[in-house]
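Presented below is the structure to which this report refers.
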Ligand SMILES: Nc1ncnc2c1ncn2[C@@H]1O[C@H](COP(=O)(O)OP(=O)(O)OP(=O)(O)O)[C@@H](O)[C@H]1O
Ligand SMILES: Nc1ncnc2c1ncn2[C@@H]1O[C@H](COP(=O)(O)OP(=O)(O)OP(=O)(O)O)[C@@H](O)[C@H]1O
Ligand SMILES: [Mg+2]
Ligand SMILES: [Mg+2]
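Chains as they are written, first to last, in this note's numbering: chain A, 1 to 360; chain B, 1 to 360; chain C, 1 to 307; chain D, 1 to 509.
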C-alpha cells in the first residue's frame, strides 16, 4: 500500500471547486459585463429583481437537486406548479377559503402528487423519466380541468406572498433561500444526506447497507411536489391570477437546466447544492441582463443553449479527476490529448478507458 | 450442471412480445373503440390521415430509437426540424434555389449538426442530455435568426413532398416507413445492429470487444440530425411555410414519448423498433380519435400522460422477466407481491434485489 | 343524418350540423369566452361544435384540422397559426365539398372568413396610445413593447402598432421591445424592465394576458393603480381586461373586437354557407374598437359575459 | 446456534434454494461451498435480509428472525460482507463504515466521532490513515478489509457472513483476513464463510457444507474430511486426478509443466515483446511471451498487471516504451486496433468489463465474429449458428442454447462465454491476454478454463499471458511466470522453479 495515492478526495475537491468556480467565474464575468454595458444593471432594485426572479426556481431546484443526486428525476414539476397555483386560486376565489388554508391545501395536494410519483418511481421502481413525463402531460390537463377559467383577484394578504417585501427582501426569496438552506443541512449534516449520495452512486450497496432506498426517494419526491405546488402558489400570488394553461409551462426544463448547469450529474451521485444555486443565478442573471440590453430573444436562446453545452464540458472535466489539475483540465479537453484515465468513480461506472479523448 | 436451464431468450421474447402486445392490444382496442364511437373514424381518408400524421414522427423515431438503444439521447431534434425547414425554405424563397438542391442542403445541414452532437456526446463523451438540451435551445434561436420572417409560398413541386400522394399513399409516409425499414435492416440484419445494443448494454465491454463505441453513436447522431432536418423539410412542404419560431417546437418530447411508449428503455440496451412503431401509431391514433370524439383538450392531455405512466409499468414488467409468465406479470405488479427479481440488466445495474416490490 | 363512410367529391358533400372550430391558443383567456358565445349561438341554430387541442403547436394544429378534413366534418373554422400553412388544407377541404372558413385572416382557399385583422387592431392601439401620450404626457414617454413575433398574429398586430405609434407620438422613446407569451412572462419582463428603468410609463401589449402581467408588475413596483402618467394598453377584449379597464386606472385600454360578435360569427358564417343563404355575407368583418374606461361600448361588452 | 431450516427460493424457472438446512454453532467458522449458481449467495442474501425466502425459517438461539430488509438483519446482529462489495466509491472510508448506521446527535451526523472510531477500528485491522480517503481510490484488498470494519461497526454482530472474501485478495491480505476471522471466532461469533478455494477450508473452517443445485449434498466437520471428497461433492463425475489442470486447481502446486510447446505454432509469428514499458504506474517493465507459451504474471492486486494487459490490448493509452509483436513495432490505438493485429483481452471484472448481461449467449460469443461471417454487410444467421455451435461444443457451454440470457448463467459459464468470444476467432489471434481469468469461478469450471487455455497455446500456437493475483492459479496454468510488484518486474520464474513459495518469495522481496 505504499504506492503513490491515486487521486484523493482532496484533488477531486479542488477540481470540482474549480469547475464550480468556472460557473462562479461565469456569473462574476456576467455581472461585470452587464454592469459595464448598462448603468441600470447594478442597481439595488434590479438586483432585488434578479433575486425575485430566481426565488421560485431556487425553491424547486433545491429538492430537485437531491432527487437528481439520487439518480431520479422529476419532469412533472412544471405542471405541479400549475396545479398548485390553480388549487389555491380556485379555493380562494370560488370557495372563499381563507388564504392560509388555501395555501396549505395546495401544498398538500403537491405533496400527494409527489407521493404518487414517489410510489411509482421510488417504490415500484418504474422509470422516473417515463412516469414523470407522463405526469407532466396529465397534470397539465388536470390543472385546466380544475380551473377552466383563470381564477384571479385574490385577497390582498395573499398577493404579498408573491410580491411583498419583508425588510426590503422579496417575500418569495425567503422560500427560495430557505429551501436551499434546509436542503444543504439535510444533504451535508444529516445521515440521510450521505444516504442520498449513496443511493445515487450505488443503489445496491446502499440497500445492502440498510439505507432506506425506497423511502428516501419517496420523501424527496413528496417534498419536490410540495415545493413545486408552493412555487405555483407564489407565482399565482405574484400574478394575482392562476392560469391553469400557462402557469409553470416549460418550468421543468428551466429548472433542470439550472441544476445541470450547476454541475449535478444527470445519472446521479455527483454534484453539489452550491453548484445548483449558481446554476439558478446564472440563468436569471443572463436573462435579466440580456433583457436589459434589449437583446433579441433569438440570441437569448442561443446564449442559454451554449451555456448548457459549456456546462457539459465542465462537468465532464470534473468527472475526469485524474487530470493534470486545475484549469488545464479544460485545456486538455481542447487540446484533445494527455488526459489520463479517470480515477475509478462510482462502482457502477467501469473505469473509463480514455478512448473518449485521445486520438494521438 | 444438469440443473434446469436458466431463463432463456425465448421466455424473454415471449414476455416482451406480450408487453409489445399490450401496446398492440391498446392500439387495436382504440381502433375498435373509435370506430364504434364514430362512423367518421374508420374511413380510408381518415386512416390515410393518421398515417400521414405519423410519418415525420416515424422518420425521426427510427434513428432516435437506435440512439436510445445505445444509451444516448437527442433532445435537439425539435429545433433541428425547425432549422431544416427554415434552411430549405429560405434557400427556395430568398435565393430561388432549386427545390431538390434546397432539400439536399437542408438535410446536409442537419447531418452536420448531428455530427456536432455526435462529436460532443459520442466522441468527447459529454453528457448527452445536457448537450442536446443546450442544442435544443440554441438551435431554436438559430432557426429564427436564419429566418426572422417566415418563408412561404414555395415552388409547386416542393409542396407535393409534404402533401402529395403517390399511388394514393401520402408522400411523407414513404420517408417514415422507409426510415423504419432501413433502421430495422441495420439493427437486426447487420453486425452493427448488435453492436448498437452492445454499446447500450455495456459500453466498456463493447469497447474492449472491438466495437466502434465512438464512431457508431456519432453516425447515429448524424443520421438523426439528417432525418430531423428532412422531417422539417416535409413539414414545411406540407405547411407551405417554414416558421422558424414554431416549426418542430415540442417535437422532441412527442418523439421521445413515442419511443418510450414503445418500450425502449431510456437507459439503453433494451427495446425494439417494432415497439417504437407501435408507440408512434398509438400517439397519432389517440390524438386523431379524441379530436374526432370532440374530447376536451384537457382530457386529451390526461389520456396522453396516463398512457405514458402505463407504459412505464409495462416496461417494468418486461424487465422483470423471471415472472410466472404472460399477463400474470401485470397481475403480480398490481398485487404487489410475488414478483421475482429481474434478469440482470446492464452490468451497471447490479442484479436488482426485489426490494422494489415485496412489502410483506 | 350522418354522412356515408369514405365519400368524397362535391357530388356527395358531407351533411350534418357540425362545425369544427380550431383555435390554436388553447391556453389563453379569450378562448374560453369565445367558446361560450359560439356554443350559445350553435345551440340556437341547432348545431354541434367540435374543438381541437392545438396548444399553440403548429404541428398539432395542422394535424387536428387535417383530421377534420379527413373525417369530412361539414364545416371548419380555423384560426391559422401560419396562414400559408392552412391554404393547402383549406383547398383539400373545399375540394371535398366541406365548408372552410378562416378566422382572423383571409385565405385564398376559403369559403368565408371571420375577420378582425391584426394589423387594424395594432393600429387602433397605436392611435389610442399616442393620443394619451400627446394629451396627458406632453408627448413624452418611455415605452415597453410586449410583442410576440414567433406568431403570425403577434407579427401582424405589431406591424399595425408600429405603423402608427412612432409617427403619432414622436416624443415617446421605445426603451425595450421584448417577446412575451404568457401572463407570467408579461409580469416577469415588465418587472425587470421597471427595476432597471423605473421611469417606463407606457406598456403596449400584443394581447391581454401579457398586459395583465404588466399591470401586476406596475402595482408591485409601488405605482398607484390610478397613477395619472401611466398607460397600459393591449388587444383582445377579454373579460378580465375589460373589468380592469373599467376601474379607470393605469390599464387604460384594450382594443376589443366584441367577443360575443366573433363567437356568434364563428357559427353564423359557416352555418349560413351550409344552409346556402345566398344573402348572408360570406365574410364577417368585425372592427376593432379601443375600449377605455369612458367608452360607451364598455358596458355592453362587459354585459356579454354576465348573462 | 444459527439455524436455517428448509430454506426455499425460486427465481422464475430456477430453484435457487430447494430446502436447505444449515446449523452454525457459536464460535465456529462454517464453510459453504458449491458450484457457480449452487445457491450460496442466495442463501446469504436471505440471511442478510436482501431477499426474502419463499419458505423456510431462520433462528438465532431459538428466536425466529424476521429478516425482511438488510436493516432488520443488521438489527438482528447479522453482519454480511457480500460477494459484490457494498461500498460506495464516492464516499470516504469513514462514511462507508457508518453508512446506514451513522453516529448522530439529534438529526445530525457526528462526523468527528465517526472518523475517530473508524480510524480506531481500521487500525485494529492494520489499516492506518485511510479513513478520510475515498473508497474508490483503495485497492480491492483494502476495500475488503474496510467491509470487515464496516461489519464490525454494526450493532454488536453475532453472525458474520463472508461471501467469497478472498477472491480478490493478495496472499498477504488473505493472511490478515484469516487472523481477523479467527479472532472473531474466538469472540463467539457465528461465521459463515463462502469460498471456491478448497485450500482455505483446512486453514479456517470448522465445518463444511456443500450445496448443489440448491440442495445440501454434504455437511461435515472439517476434521475428518478430505479435499477430494469436497471436490467430488462440488463437481461430481470429474476425476480429481484426470486433467493436469484439475489436479493443480485442487491440489495446489505440483510439478511444473514441461517447457513450452511452441512447436505447435501454426501462426506466422506470434510472440510479444515488451521493453521498458512506463505509464499507468508501471516502471520499466520488460517481458516476453512466445507463441505457444502460457506466461503467468503474478502480483498483488494493484501492482500493475492489469495495466500491462490493458496497454497491450489497446484499452489504455499514454504509455512509453517499446512493444513488438511478431518482430514488428506494435502500438495499439484501441482494442479494435489490437484485435486487427491479433491481440485480444479477457478482462478482469467480468460483469462490468466483459459481459453483455442482458444479451443472449450467442450475441455475447459472436460480438466480434458476426462481422466476420457476414455477407455483403448482412448477417448470416446460418453461419452464425454454425460458428456458435462449434465453439459452444468446444468450450462446453451449458446450456448450449444460443438464446440463453448471459446474465443468468453461472459465473463459470459466463467466463467461458467471454473466452469463447475470442476462441471463435482464434484463427486471427496471435496473443491472448487474460486478467484474473478464474476469479469467483468454481473448481470444476476453473479446470475446464485451464484446459482451454492450454489448448489455445499448444494446439493453436497462441501466445497466452495470464495476469493473476492467485499464486495457485499461476502455478497451475503457467509455463513460466513474471512477478510484478509496484509496477516493476521483480523476478522471472522459469518452468523448473515454478512453485507458490518461489512466487511469494519474489513478491515479498
Ligand atoms: N436476481 C436473480 N434473478 C434470477 N435468477 C437469479 C437471481 N439471483 C440468483 N439467481 C439464480 O439462482 C441460482 C443461484 O444463484 P446464486 O447466486 O445463489 O449462486 P452462487 O452459489 O452464489 O454462485 P457463485 O458461486 O457463482 O457466486 C442461479 O441459477 C442464479 O442464476
Ligand atoms: N485510473 C487510474 N488513474 C491513476 N492511476 C491508476 C489508474 N488505474 C490504475 N492506476 C495505477 O496504476 C497502477 C496499476 O494499477 P492496476 O489497476 O493495473 O493494478 P492491477 O494490475 O489491477 O493489479 P492486478 O495485476 O492484481 O490486477 C497502480 O499503481 C494504480 O494506482
Ligand atoms: Mg455467489
Ligand atoms: Mg486488476
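Every residue gets a Cβ at the ideal spot worked out from N, C-alpha and C, and that includes glycine.
Span of the beta strand (DSSP E), counted from its first residue to its last, around residue i
i, result
"residue 305 of chain B", "Here residue 305 of chain B belongs to no beta strand (DSSP E); instead the alpha helix (DSSP H) covers 297-319."
"residue 297 of chain D", "294-298"
"residue 132 of chain A", "Not the beta strand (DSSP E): residue 132 of chain A falls in the alpha helix (DSSP H), residues 128-146."
"residue 190 of chain D", "190-194"
"residue 34 of chain D", "28-34"
Residue range of the alpha helix (DSSP H) that includes residue i
i, result
"residue 212 of chain D", "Per DSSP, residue 212 of chain D belongs to no alpha helix (DSSP H); it is in the beta strand (DSSP E), 207-212."
"residue 323 of chain D", "Unbroken run through residue 323 of chain D is the beta strand (DSSP E), 320-325; no alpha helix (DSSP H)."
"residue 282 of chain B", "273-292"
"residue 490 of chain D", "Residue 490 of chain D -> not in any alpha helix (DSSP H); beta strand (DSSP E) instead, spanning 488-493."
Residue i Cβ short of 7 Å to ligand 1 heavy atom set
i, result
"residue 364 of chain D", "no"
"residue 14 of chain D", "yes"
"residue 442 of chain D", "yes"
"residue 11 of chain D", "yes"
"residue 47 of chain D", "no"
"residue 53 of chain D", "no"
"residue 413 of chain D", "no"
"residue 408 of chain D", "yes"
"residue 18 of chain D", "no"
"residue 358 of chain D", "no"
"residue 38 of chain D", "yes"
"residue 34 of chain D", "yes"
Below-8 Å beta-carbon distance, residue i vs any chain B residue
i, result
"residue 301 of chain C", "no"
"residue 188 of chain C", "no"
"residue 489 of chain D", "no"
"residue 19 of chain C", "no"
"residue 67 of chain C", "yes"
"residue 209 of chain C", "no"
"residue 356 of chain D", "yes"
Residue i at chain A interface by Cβ criterion, 8 Å
i, result
"residue 186 of chain B", "no"
"residue 249 of chain C", "no"
"residue 129 of chain B", "yes"
Minimum Cβ-Cβ distance from residue i to chain D less than 8 Å
i, result
"residue 172 of chain A", "no"
Residues with a Cβ closer than 7 Å to any heavy atom of ligand 3, in chain order?
D:40, D:41, D:83, D:163, D:164, D:194
4-residue-minimum alpha helix (DSSP H) runs that sit fully inside the segment 213-254 of chain B, ordered along the chain:
215-239
Alpha helix (DSSP H) runs contained entirely in the segment 214-240 of chain D, provided each spans 4 or more residues
227-234
Of all the beta strand (DSSP E) runs that stay within the bounds of the segment 74-112 of chain C, which reach a length of 3 or more residues?
75-78, 99-103
For the segment 159-220 of chain A, list the alpha helix (DSSP H) runs that are entirely contained and at least 4 residues long, ordered along the chain.
Runs of the alpha helix (DSSP H) inside the segment 159-220 of chain A: 171-189, 191-201, 203-208.
To test your reading of the DSSP string, which unbroken beta strand (DSSP E) runs of 3 or more residues are found completely within the segment 19-68 of chain C?
48-51
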